[in-house]
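S.K.: Pasting a structure here, questions to come.
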Amino acid sequence: MKNDTLNDVLIKAMKAKIPKGVNLAHVLMNTLYIGKEAVYRRLRGEVPFTFVEASIISNSFGVSLDVISGNSSRNNVLFGLNMMDYSNPINTYCANMEDFIRIVKVVKDDPDARWYIASNVIPHVFCAGYSNLSRFLLYKWMYQHEKINSMFSFSRLVFNEKLKDILKRYLDTCKDIAHSTFILDDAVILFLLREIEHFMNINMLTKEEMLVLKKEMLSMISYMEELATKGHYKNGNMARIYISNVHFDSSYGYIETDNYKYSHIRLYSINRISTTDQEVFKHQKEWVNSLKKYSTLISISGEMQRIQFFQKQREYINALGV
């Protein structure tokens, strides 16, 4: 296929992915980090998109380069491996969040955008607002993968300003999605508590550090309860919380608009694999929605179940270190 034809097909595919009324040139400027004139030269066909630019577009817009080039096969699906670089975990942690921020930017102006998460652990969007909880999740991952040993204390892991800024932007960006639904295991806090207790037992967490984490967890639970009661973020975007009556083995999610499909699965604690493949998305959506059938909505409605759920989480937290 000729370059000009590839460019035309790529531009057409991008236009099909963005919401009506959204300026493609502005989206590309923010996605490719190139100037206005450079973008318009590509849209006019004067300059072809480079392979690197096409790859970024494929990842951000959910556009399959295999389909565009005519080499698609149902037996081959492209997954994004958002895995931690062992040699520099903090930089990769930042890159993973930047990647998700970039994906949300594609859908955030769509009033019908939907984000579903079914999780057996506290979703990162709730932990991200708490610096010590976020730090502990990375600390735990580094220890599990032998990047640190038992002599490396929790206090030695310091988040730089870049990471703090990305955590804030990640949190704000997640709230930009018009409709968010969280399906949580009924004992979702227990996994985190057991991990904290283990690190205390092997003397990698002090009692004072445990109390700080405990305080942040109680604050996080109060925030989640307030969110469930109101059913929306402060910016007005909807947020619904369901409590599952069955346990599930991992954490699954998807983001959907009429023109964009993205699915992801949590892997190895803070990593994930993701894809914009339509067939994988279809199965992921079916699975997540099947879990909703066995769950109770505690946002706005289900007041008794909501009170009982959050009270139980507080009891679990308060028992830590006692």
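To convert, note that position 163 of the sequence shown is 182 in this note's numbering; the numbers rise steadily by one, no gaps.
For every residue, glycine included, the Cβ atom is placed at its ideal position computed from N, Cα and C.
If you're wondering where the values come from, they're calculated on a predicted model, not measured in any experiment.
So, for His251: in the same chain, excluding its five sequence neighbours on each side, which residues have a beta-carbon less than 7 Å away from its beta-carbon?
M.R.: Met257 and Ala258
S.K.: Is the beta carbon of Leu186 less than 8 Å from the beta carbon of Val140?
M.R.: no
S.K.: Determine the burial state of Thr50: buried for a count of at least 16 other Cβ atoms within 10 Å of its Cβ, exposed for fewer.
M.R.: buried
S.K.: If you follow the alpha helix (DSSP H) that Glu214 is part of, which residue opens it and which one closes it?
M.R.: Leu209 to Asn220
S.K.: Counting along the chain, where does the alpha helix (DSSP H) carrying His45 start and finish?
M.R.: His45 -> alpha helix (DSSP H) spans Leu43 to Leu51.
S.K.: Go ahead and pull the three-state DSSP assignment for Phe343.
M.R.: For residue 343 there is no data in the structure shown, the boundaries of the chain being 20 and 341.
S.K.: Where does the unbroken beta strand (DSSP E) through Thr315 begin, and where does it stop?
M.R.: Ser314 to Leu316
S.K.: In this structure, what does DSSP give as the bridge partners for His12?
M.R.: Because the chain spans 20 through 341 in this model, residue 12 falls outside it and cannot be assessed.
S.K.: Suppose you measure from the CA of Lys159 to the CA of Cys146; what does that come to, to the nearest Å?
M.R.: Cα to Cα, the separation comes out at about 14 Å.
S.K.: Thinking just about the alpha-carbon of each residue, which of Ser309, Tyr271, Leu310 and Glu228 is nearest to the one in Thr294?
M.R.: Tyr271
S.K.: Is the beta carbon of Val207 closer than 8 Å to that of Ser318?
M.R.: no
S.K.: Thinking just about the alpha-carbon of each residue, which of Lys55, Ile75 and Ile221 is nearest to the one in Asn168?
M.R.: Looking at the Cα atoms, Ile221 is the closest of the given residues.
S.K.: Tell me the rounded alpha-carbon separation between Ile30 and Leu156.
M.R.: 40 Å
S.K.: What does DSSP give as the partner residues of His283 in its beta bridges?
M.R.: Gly272 and Ser293
S.K.: Which stretch, first to last residue, makes up the alpha helix (DSSP H) that contains Ala114?
M.R.: Pro108 to Val126
S.K.: Measure the alpha-carbon distance for Ile136 versus His198 and round it to whole angstroms.
M.R.: For Ile136 and His198, the distance between alpha carbons rounds to 11 Å.
S.K.: With Tyr149 and Met239 assumed to form a contact (beta carbons below 8 Å), what rounded beta-carbon distance in angstroms separates them?
M.R.: 6 Å
S.K.: Give a yes or no on whether the C-beta atoms belonging to Gln303 and Tyr273 are separated by under 8 Å.
M.R.: yes
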